[in-house]
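Just so you know, the protein sequences line up as chains A and B, in that order. The working numbering numbers the first residue of the first sequence as 33 and each following residue consecutively. The working numbering numbers the first residue of the second sequence as -17 and each following residue consecutively. Beta carbons: idealized from backbone N, C-alpha and C, even for Gly.
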Amino acid sequence: MTTLIYGLVTGILFGFLLQKGRVLRYDKQLGALRLMDMTIVKFMLSAVLVGMVGIYLLNDLGLAKLSIKPLIFGGVVVGGLIFGIGWGLLGYCPGTSLGALGEGRWDSAWGIVGMLCGAALYAEAFPTMKATVLTWGDFGKITLPQILGVSHWFIIPLFIIGGLLLFRWFEKKGL
Amino acid sequence: MKERDEGGWSPYLAGALSGLVSIGSVWIAGKYFGASTTFVRSAGMVEKAVDPERVAQMPYFLKELPIIDWQWMFVVGIFIGALIASTTSGSFRWQAVPDMWEVRFGPVRWKRWLTAFLGGTIGMFGARLADGCPSGHGLSGSMQLAASGFVALVCFFVGGMIVARLLYGGGERS
């Protein structure tokens, strides 16, 4: 029960911030995909840069555990590209579709119904996928520091510097 | 290009605060952000109402049980949070067709709705095959420096940019 309440409260905070950052809207999502408006990229990358410092700090202090999804090239690449195609058509992602509905953009409701159908379809296809696509190029649960064989505290500052340079470029270009 | 949008925050600020919320969630509840599994569980709940025996033996619904869990409540929370933020700042608006879409394809509702429905169906199939969406892979994956998160993020954007280009053309066309 406590877990469910944590989920709800965390979701409310995140939904509030997504709306304030204006990343829920179709125009912003397509704006990024058309390389005209980088609002969602700024939001995501800011969250990631702050998050990576905190998560690895917690991990190193033994206060939290990482939860890495395996890199299965078949699934991640094929699935990722298919997701991208759907995302370009819908203009909302699974999380933001609910937020978009919350701010009254109710074309997202059709996307939500579609996503439920897509999930049901995948449940039918899963045994086949498991035997085929999901066996192609399985590298397990690996992280960038593990691949490069360096400490994460070497990678994280590089990400932050790269991110800040990218932000500066966005602002200069007015994206 | 667009009228001033009152009440919005800098995406850098809102994003950085979301990063803090995400850290807090991992610390307190041990939970990473994600959204797409919730659609599997929900689809399973709907199917269970129709044919419980069938759902009970489908491997994917055994893997992702049709129950309400942390992430399910998180996704509901996103709806509530956005509702609170938009109604308290006057930016809530009932809108059936997005502005950018209307400029390009006109105000006909069913075209947008059909596209949204198909996009949702295709997108969720892909997200499940990839084992995550922009929340699970894009945010949670890349903040843990997971290789899968970065590969997924690149593929999401490549697929999306191709479709955006097909729909909207290369630039000035409108």
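- For chain A, the residues of the segment 25 to 40 of chain B that bring a beta carbon within less than 8 Å of one of its beta carbons are A25, G26, V28, E29 and M40, in chain order.
- Not a single CB atom of chain A sits nearer than 7 Å to the CB of P89/B.
- Under the three-state reduction of DSSP output, A98/B falls in the helix class.
- Cβ atoms of L103/A and A129/B come within 8 Å of each other, at about 5 Å.
- Against chain A, the beta carbon of G123/B has neighbours under 7 Å at K101, listed in chain order.
- Under the three-state reduction of DSSP, T164/A is assigned to coil, being neither helix nor strand.
- The Cβ atoms of W9/B and L90/A lie closer than 7 Å to each other.
- The beta carbon of L180/A lies closer than 8 Å to those of I187 in the same chain, with the five residues before and after it left out.
- Residues of chain B whose Cβ lies closer than 9 Å to the Cβ of V110/A are, in chain order, G108, L111, A112 and C137.
- In the DSSP annotation of this structure, S122/B is not part of any alpha helix (DSSP H), being labelled neither H nor E.
- DSSP, read as helix, strand or coil, puts T70/B in coil.
- C115/B and E84/B have their C-alpha atoms roughly 27 Å apart.
- By the Cβ-count criterion, G(-11)/B is exposed, with fewer than 16 other Cβ atoms from all chains shown falling within 10 Å of its own Cβ.
- For W9/B, the nearest beta carbon of chain A is closer than 7 Å to its own beta carbon.
- Between the C-alpha atoms of K101/A and A17/B there is a straight-line separation of about 14 Å.
- At a cut-off of 7 Å between C-beta atoms, I193/A does not count as an interface residue with respect to chain B.
- Beta bridge pairing from DSSP links A128/B with T175/A.
- By the CB criterion at 7 Å, Q77/B and R57/A fall outside the cutoff.
- Within the DSSP secondary-structure output, Q77/B pairs in a beta bridge with R137/A.
- Going by DSSP, V85/A is part of the alpha helix (DSSP H) stretching over T71 to D92.
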